[in-house]
Amino acid sequence: MFKILRDLLRYNVEFLIGFVLTAGIFLFALAHFFAPYPDTAIYLLPPDMPPSPEYWLGTTSRGQDVLWQMSSAIWNTMTFGLTVTVLSRLLAVTVGMVSGYLGGKWDEALMTVNDTLIALPNIPILLLVYFVMRDQMNWPVLALTAALLGWNHDARLIRSVVLSLRHREFTRHAVFAGMSVPQILIRQHLPYVMPVVFFTAMNNLIWAIGLEVTLSVLGFSDINRPTIGGMIYWANQHQAIIAGIWWWIAFPIIAIVILFLGLFLLAISVNEYIDPRSRLSRMGG
Amino acid sequence: MDGFAKYLVRRFFQFILVVFLGVSLTFLITNLSPVDPVEQTVSLMTNFGATDPRSVELMREALAELYGLQGSFLDQYLSFWGRVVRGDFGPSLSSFPTPVMSLIMGALPWTIGLLTLAVVITWILGNLLGALAGYFRSNLMLKLAGATVMALHPVPAYILGLVLLLIFGYAWPVLPISGGAQMNLQPSLTFDYIRSLILHGTLPAMTLVLAGIGGWFISMRSLVSNIVTDDHVVYAELGGVSSSKIFSQYVARNALLPQVTGLALSLGSVFGGAVITEFLFNYPGMGRLLVQGIYRGDYSLVLGVTTMSIIAVAIAVFVIDLIYPLIDPRVRLG
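Residue numbers (my numbering), protein chains in the order written: chain W, 914 to 1198; chain A, 346 to 679.
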C-alpha cells in the first residue's frame, strides 16, 4: 500500500498535485481543533474587518473570523462527504456484487430498480425530504438520504466487474471447494472489486460535497453548523457582495475549488493506475 | 415480436416504473415524515395574528382535505395518485388562489427551454472536443481545452454560476443577471423580446454548459482512445482511408452510442443543477418555483413541483430512449 503511494507520488504528477492540494486542505481543516473561538459563536469579533495581520482572512458581518469559520466548515463538509461515500459504497458493493454474481432474475430485478433510481432527479427529492423534515433536519439524516440516492451508477460498474469474474476458473474452483456464495463474494471477488470501489469513492465524495454545498447554500440544512455552503448562505443573507465584503465569499469559494481540484486529480490518477489501458495509451502518446 | 418492438416495450415499462416509483417515493417521504404539514401551515397562518380556536379547527379540517390527508394510509395513497393523474395539486397557499398546476405550467416552458438548449450544447461540444482529443492525442490546443473543461468538471454548478455572476454582473456588467426576460416587455415574437430572452438565458445556460461539459469530454476521450486501437480502425488506416473519414465514420460514430445512453441517464442530475442555477439567476422556471415554495412553506406547491419534475425527467429519458434505435441499427434490426 505504501509502496503504491510512494510510486504514485514519484511518477504521477497529477497524483502529486492532487495529493498536495487535498492534504493541504485536510490539514487546514484539522486546525479547527485548535481554534481560539467556538465555531458556532456569533458577534464575538468586530464585524466586517478586511483581511489584516490580526484577522488573516477578515471577519464576517456576523462577527466571526473567516479563517477559523472556514477551517470548521471544511471539516464539517468533508465529514458529510465521507459519511455519504462510505454508506453509498456499502450499498453499491452489495447490490453490484449480488446482482453480478447471482445473475438471472435477481440481476434483472436489482438492475431494474437501479436504473429506475438513476432516472429520478436527486435534488428535488432531497429538497422534499428537507421540506417535510424542517427543523428536525440534521446532517446525518441528509447524509443518509444522499447515500440512498448516490449508489446506483457505481453498482452497475461493480456488477460488470463481478459479471466477468463469475466465469473465471478460480470462481469455479471455489464453488467446487464448497465455499458459500457470501464467502466467494467476500474472499474471492471483493479484492478485484476494491480498486473500482476506491475510484468511484473519489467521484462520489466530489458529488457528495457538491451536494452539501448546493443544499446549504440555499439554507436547506442545519444553518448554524458551519459548512462551506453555509458560509456562502450567510454571506448572501448579509448581501456581502453588494456590501463589498468580498473576503467572506471569495475565500470559501477558493478553498472549495482547491479541494475539488485536488480530489478530482486524485480520482483520475487513481483511475489511470487501476486501468492499465489508459496508462498505456498515455505512454504511447 | 421483433427486436425493435421488444425494445420499445421494455423502455416503456421502464418509463412507467420510474413514474410509479417516483410518485410513490414522493408520497412516502411526505407521509412518513415526523412533521405534520397541516400543523405547519396552521402555525404559519396563525403567526400573522390571533385567530379564534374555532376557525383554526375549521382551517385544520380544510387543509387536511386539501392535502389529501384524510382516511387510511391506502386511501391517502390512492387519492394522491388520483390528484397526480388529474394534474390537480390544489391551490398554492403562497400565491392563493392560483392553482399549483397553473404555476407549474407557467414555469415548465422556461426550464424545458433552458435545459434543452444547455444539454444539447453541452453534449455536442463535450463529445466533439472529447472525440477530437482522443483521436489527435498530441494536439496542444486540444490538450489545453481538455485541461480547462476537466478542471471545471468537479466544481458544482452553484459555485460556477456565482463566479460567472460576479464576473459578468459586477466586475464587467454586460449581461443581465436576474429574470427570464426584460420586465417591461410583453412576451411576443418581436426582435426585442427574443433578444432579451437570449441575453437573460446566456448566464444560466453558460453555467450549466460549463458544469456539464467536462463529464462528456472525459468519457468520450477515453471511449475514442480505446476504439482507435481496435482492429477495424487499424485496418482502415492501413487501407488508406482518409483520416477525417476514419474519425467520423469509424471512431466517433461507434463511440457515440454509449454517450446517448449516458445522456438519458444524466438528465436526472442535470435537472438538479438547473434547480440551483435557476435560483441563483432568478430564472422563472421549475427550480425557482420549488425553492420559493420551500421558503414560503407552501406544501402543495412543493409536492406538485417535485412530482411534476420527476414525471418530466422520466418523459425526457423516454424520448431519448425512442431516439436511440435511430442511431443504433442493432436495436432496430433486433
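Note that the Cβ used here is the ideal one computed from N, Cα and C, for glycine as well.
Cutoff 6 Å; reference residue i; Cβ partners in own chain excluding five residues on either side
i, result
"M495(A)", "G559"
"L1178(W)", "E927, I930, G931"
"A597(A)", "A476"
"A478(A)", "L487, G491, R566"
Buried versus exposed, by CB contacts within 10 Å (16 or more), residue i
i, result
"F616(A)", "buried"
"Y515(A)", "exposed"
"L922(W)", "exposed"
"S1073(W)", "exposed"
"L1098(W)", "buried"
"G1123(W)", "buried"
"S369(A)", "exposed"
"G416(A)", "exposed"
"E623(A)", "buried"
"H1066(W)", "buried"
"N925(W)", "buried"
"H889(W)", "Shown here, chain W extends from 914 to 1198; a query on residue 889(W) therefore has no answer."
Residue closest to residue i, alpha-carbon to alpha-carbon, out of the options
i, options, result
"N599(A)", "D673(A), F358(A), L510(A), S424(A)", "D673(A)"
"E1185(W)", "I1169(W), I1167(W), F1111(W)", "F1111(W)"
"D961(W)", "V1183(W), A1148(W), V1054(W)", "A1148(W)"
"A490(A)", "A476(A), F357(A), S437(A)", "A476(A)"
"N1117(W)", "R919(W), F993(W), L934(W)", "F993(W)"
"L646(A)", "F1044(W), A1087(W), V926(W), I1187(W)", "F1044(W)"
"I572(A)", "S447(A), Y595(A), V586(A)", "Y595(A)"
"E410(A)", "I668(A), F434(A), P518(A)", "F434(A)"
"A657(A)", "G348(A), V676(A), F360(A)", "F360(A)"
"L610(A)", "P382(A), L403(A), Y422(A), W468(A)", "W468(A)"
"V999(W)", "L1131(W), G1017(W), A1056(W), A1156(W)", "A1056(W)"
"L460(A)", "A619(A), D643(A), L608(A), Y503(A)", "A619(A)"
"E406(A)", "T386(A), Y669(A), L510(A)", "T386(A)"
"L366(A)", "W426(A), V569(A), P532(A), W561(A)", "W426(A)"
"V997(W)", "E1082(W), L1061(W), N1051(W)", "L1061(W)"
"L373(A)", "Q421(A), R355(A), V354(A), L542(A)", "Q421(A)"
"I1166(W)", "T1140(W), I1155(W), A1156(W)", "T1140(W)"
"G1157(W)", "V578(A), L511(A), R641(A)", "L511(A)"
"H545(A)", "P629(A), L448(A), S378(A), D643(A)", "P629(A)"
"L608(A)", "T391(A), I466(A), P532(A), D347(A)", "I466(A)"
"L377(A)", "I655(A), M528(A), F418(A)", "F418(A)"
"L1023(W)", "V1094(W), Y1105(W), A1068(W), N1137(W)", "A1068(W)"
"L497(A)", "S965(W), T1007(W), S1093(W), L1176(W)", "L1176(W)"
Contacts that residue i makes with chain W (C-beta to C-beta distance below 9 Å)
i, result
"T375(A)", "L1041, F1044, V1045"
"T651(A)", "P1034, P1037, I1038, L1040, L1041, F1044"
Proximal chain A residues relative to residue i, where beta-carbon distance stays under 9 Å
i, result
"I938(W)", "Those do not exist, as I938(W) stays about 13 Å from chain A at its closest Cβ, beyond 9 Å."
"L1174(W)", "A496, P499, V500"
"G1123(W)", "P499, V500, P501, A502, Y503, I504"
"F1112(W)", "Neighbours of F1112(W) on chain A: none; closest Cβ ~13 Å, over 9 Å."
Supposed close pair residue i, residue j - CB separation, criterion 8 Å
i, j, result
"Y1014(W)", "V1075(W)", "5 Å"
"T652(A)", "V429(A)", "6 Å"
"L505(A)", "T547(A)", "Contact doesn't hold; Cβ gap of about 14 Å is too wide."
"L1174(W)", "V363(A)", "With 8 Å as the limit, L1174(W) and V363(A) do not qualify as a contact, their Cβ atoms being about 34 Å apart."
"V1126(W)", "P518(A)", "With 8 Å as the limit, V1126(W) and P518(A) do not qualify as a contact, their Cβ atoms being about 26 Å apart."
Nonlocal neighbours in the same chain, by C-beta distance under 7 Å from residue i, ignoring five residues either side
i, result
"A942(W)", "S984, I987, W988, M991"
"H384(A)", "At residue 384(A) the sequence reads Glu, which differs from the His that was named. Nothing listed; no residue qualifies."
"S424(A)", "G413"
"V1042(W)", "T1058"
"G1198(W)", "Low per-residue confidence applies at G1198(W): pLDDT is 39, beneath 50, and the placement is therefore not dependable, though the value from the model is reported in the following sentence. For G1198(W), where only same-chain residues beyond five positions count, there are no Cβ hits under 7 Å."
"I1171(W)", "L934, I938"
"G613(A)", "V658"
"N352(A)", "In the sequence on display, residue 352(A) carries Tyr and not Asn. Only P670, V676 meet the Cβ criterion."
Amino acids of chain A, ordered along the chain, whose beta-carbon sits closer than 7 Å to that of residue i
i, result
"T1127(W)", "P501, Y503, I621"
Chain-ordered chain W contacts of residue i [CB-CB under 7 Å]
i, result
"A659(A)", "A1032"
"V647(A)", "L1041, F1044"
"P379(A)", "Q1049"
"S614(A)", "N1035"
Other residues of its chain near residue i: CB distance less than 8 Å, five sequence neighbours each side excluded
i, result
"P442(A)", "P436"
"V1054(W)", "V1042, M1046"
"L958(W)", "Y950, Y968, T972, G976, Q977, D978"
"I870(W)", "This structure does not reach residue 870(W), given that chain W is present from 914 up to 1198, and the question cannot be answered."
Residue i: CB within 8 Å of a non-hydrogen atom of the ligand FAD
i, result
"P501(A)", "Among the ligands in the structure shown, none appear at all, so the ligand FAD cannot be discussed."
Chain-ordered neighbours of residue i on chain A, where CB pairs are closer than 8 Å
i, result
"V1170(W)", "V500, I504"
"I1119(W)", "P499"
"I1166(W)", "I504, L507, V508"
Residue i: contacting residues in chain W (beta-carbon distance under 8 Å)
i, result
"L635(A)", "P1037, L1040"
"F624(A)", "L1131"
Closer than 9 Å between beta carbons: that is the criterion. Which residues of the segment 1025 to 1055 of chain W meet it against chain C?
Here the protein chains are W and A, and chain C is not one of them.
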